[in-house]
Amino acid sequence: MLACAQARAQIATTQPDNNCHLTKDATLPLTEISGHYHVPVDIGGQTFLMVVDSGAEDTVLTPEAADLLHLSTDMSKADVIRGVGDTRSVYPRVLPSLKFGTEEWPNTRVEVANLLTAAERAAPSVPIGLIGARILSRYDVEFDFPAKTMTLYTAQGCTGRFVPWVGNYDAYSPIATPRNRFILSLALNGRPIKAVLDTGASRSLLKHAALQAVDVDEAALASDRQLSGTGVAGNSIHVYVHRFDSLRVGRANLRNAPIEVGDAALSDSDMLLGMDFLRWRRVWLSYSTGSVFMQLASGRAGAAPAASQAAPASSQSVDVDGQLAAIGQTSDAPAALPLSRLRQFSTHSHITYYPNLLLPVGRTR
799 MLACAQARAQ IATTQPDNNC HLTKDATLPL TEISGHYHVP VDIGGQTFLM VVDSGAEDTV
859 LTPEAADLLH LSTDMSKADV IRGVGDTRSV YPRVLPSLKF GTEEWPNTRV EVANLLTAAE
919 RAAPSVPIGL IGARILSRYD VEFDFPAKTM TLYTAQGCTG RFVPWVGNYD AYSPIATPRN
979 RFILSLALNG RPIKAVLDTG ASRSLLKHAA LQAVDVDEAA LASDRQLSGT GVAGNSIHVY
1039 VHRFDSLRVG RANLRNAPIE VGDAALSDSD MLLGMDFLRW RRVWLSYSTG SVFMQLASGR
1099 AGAAPAASQA APASSQSVDV DGQLAAIGQT SDAPAALPLS RLRQFSTHSH ITYYPNLLLP
1159 VGRTR
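Residue numbers (this note's numbering): 799 to 1163.
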């Protein structure tokens, strides 16, 4: 069963078709604030920052931004927004124009929810919301998180390992979803699970209901670090930081991995694979083919930055407080790099700002 589940996330061996044509449409800077990565967008001739969130379906704005832009409300249908531990219904607002990359989206329905962390509210350029998969899927999207750039491509006739990268990289075949999200088959504690590749999640999270499937007893959380915050509906919620024996993503094998556990509204997956894993990588989301490609910073041709060296091949688990740790493998199969430290939660922490879970999953009439 495990072998079958992981088969979708193994290294592809096919080669690109000669008819593959990649057009680079735009390269945008990524601005990191409080573990979230933001890109510039144009609204009404003004430039604003928005979180780029592959785990969300639609565009979401903060209430302050929606009011500042004097957006009208669409009262015809209410959207259901589900977050960590709670759910709320909202009427969407209508954004007259949103320019992202080379495209413009007129009269875009957007959700409104409280999103920002304290650090984001204090930033010189306060982010106004997030961009989800509905807009991202217009392109093939290359995230170069170490270099803090995002490049948008138009891909035509491409198959196999067609990305223009030099050096070792892995190719994955995610589970297809109707909402343009990428779900990878991983192994947690040696058990198969499904995880959404989520650039909007600052840290990876396992839904509480999946604990039994990965052989973790409820009582094991009693001694774990507990963090609290506020959900999208304003109620108090809690997550635990539990250390799992192992997390395998393709060839990357992480031991003693600290992953959050919470009441996440994930109907088609068990986990969010967040920026604590992705931030050390170049990630290509191919919406045109349904494939995902990843390259560790140290896997590129040329010398890797000193801060981006993988663990030696002989190493075992590295127990660093609040960090995932790398397990060295072979020289041609580098593991993940240590992840940034977990931060304490507050009512303005990333529980409040959980764009990865703000998914309009249904509508009421």
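Where a beta carbon is used, it is the ideal one built from N, C-alpha and C, also for glycine. Just so you know, these numbers come straight off a predicted model, no measurement behind them.
**Study point:** Three or more C-beta pairs below 8 Å linking the segment 949-968 and the segment 1074-1086
**Key:** yes
Review point. Quick one: is Lys-1005 buried, meaning 16 or more other Cβ sit within 10 Å of its Cβ, or exposed?
Key: buried
Exercise for review: Note down, in chain order, each residue of its chain lying with its Cβ closer than 8 Å to the Cβ of Pro-824, except the 5 sequence neighbours on either side.
Suggested key: One detail in the question is off: residue 824 reads as Ala in this sequence, not Pro. Excluding residues within five positions, the ones whose Cβ falls inside 8 Å are Gly-899, Thr-900, Thr-949, Leu-950.
Practice item. For the alpha helix (DSSP H) holding Glu-862, just list the boundary residues, first then last. Key: 861-866
Exercise for review: Give the secondary structure of Ile-981 by DSSP, where H, G and I count as helix, E and B as strand, and everything else as coil.
Suggested key: strand
Exercise for review: Note down, one range per segment and in chain order, each alpha helix (DSSP H) of at least 4 residues found wholly within the segment 1011-1088.
Suggested key: 1073-1076
Review point. What did DSSP end up calling Ile-926 once you bin it into helix, strand or coil?
Key: coil
Practice item. Can you grab the Cα-Cα spacing for the pair Glu-909 / Ala-1008, in whole Å? Key: 28 Å
Exercise for review: Tell me whether Glu-830 sits in a helix, a strand or coil according to DSSP, three-state version.
Suggested key: strand
Check your understanding: Ser-1096: which of Pro-944, Ala-917, Ser-935, Glu-855 sits nearest, CA to CA?
Key -> Pro-944
**Study point:** Whole-angstrom distance between Asp-877 and Thr-975, CA atom to CA atom
**Key:** 19 Å
Check your understanding: Met-1092: buried (16+ other C-beta within 10 angstroms of its C-beta) or exposed?
Key -> buried
Practice item. Determine contact between the segment 929-939 and the segment 845-856, defined as no fewer than three beta-carbon pairs at a distance below 8 Å. Key: yes
Exercise for review: Compare the Cα-Cα distances from Lys-875 to each of Lys-822, Ala-1018, Pro-890 and report the closest residue.
Suggested key: Pro-890
Practice item. Reducing DSSP to helix, strand and coil, say where Cys-818 ends up. Key: coil
Practice item. For Asp-872, collect the residues of the same chain with a Cβ closer than 8 Å to its Cβ; drop the 5 residues on either side in sequence, then sort them by chain order. Key: Tyr-889, Pro-890, Arg-891, Val-892, Arg-907
Exercise for review: Check the C-beta distance from Asn-978 over to Ala-916 and give it rounded, since I have them as a contact under 8 Å.
Suggested key: Going by Cβ atoms, the distance from Asn-978 to Ala-916 rounds to 31 Å, so no, they are not a contact pair.
Exercise for review: Measure from the C-beta of Asp-1022 to each C-beta in chain D and report whether the shortest distance is under 8 Å.
Suggested key: Absent from the structure: chain D. Only one protein chain is present.
Check your understanding: Cα separation between Leu-1076 and Thr-997?
Key -> 8 Å
**Study point:** Burial state of Leu-869, where buried means 16 or more other Cβ atoms lie within 10 Å
**Key:** buried
Exercise for review: Reducing DSSP to helix, strand and coil, say where Ser-852 ends up.
Suggested key: coil
Point to revise | Range of the contiguous beta strand (DSSP E) that encloses Leu-893 | key: 891-898
Exercise for review: Have a look at Asp-1061 and Leu-995 and give me their C-alpha separation to the nearest angstrom.
Suggested key: 18 Å
Check your understanding: Taking the C-alpha atoms as reference points, what is the distance between Cys-818 and Gly-988?
Key -> 37 Å
Check your understanding: Among Pro-827, Leu-1094, Ile-841, Glu-830, which residue has its Cα nearest to the Cα of Trp-963?
Key -> Leu-1094
Practice item. Would you mind working out which of Tyr-970, Ser-935, Ala-921, Leu-1052 sits nearest Gly-833, comparing C-alpha positions? Key: Ala-921
**Study point:** Rounded C-alpha distance that separates Tyr-835 from Ala-993
**Key:** 20 Å
Practice item. Quick one: grab the DSSP three-state call for Ala-917. Key: helix
Check your understanding: In terms of DSSP beta bridges, what is Thr-906 paired with?
Key -> Leu-893
Review point. How big is the Cα-Cα spacing for Leu-1019 and Ser-1067?
Key: 21 Å
**Study point:** Opposing strand residues paired with Arg-989 [DSSP bridges]
**Key:** Leu-986
Point to revise | Identified DSSP bridge partners for His-836 | key: Thr-829, Val-849
Exercise for review: Tell me whether the beta-carbon of Leu-847 lies closer than 8 Å to the beta-carbon of Thr-829.
Suggested key: yes
Point to revise | Cβ-based neighbour list, Pro-972, same chain, cut-off 6 Å, excluding 5 preceding and 5 following | key: Phe-980, Ile-981, Leu-982, Val-1090
Practice item. Kindly list the residues whose CB is nearer than 6 Å to the CB of Trp-1082, restricted to its own chain and excluding five residues on each side of it in sequence; keep chain order. Key: Glu-940, Val-961, Phe-1091
Check your understanding: Would a C-beta distance cut-off of 8 Å place Leu-984 and Arg-1041 closer than the cut-off?
Key -> no
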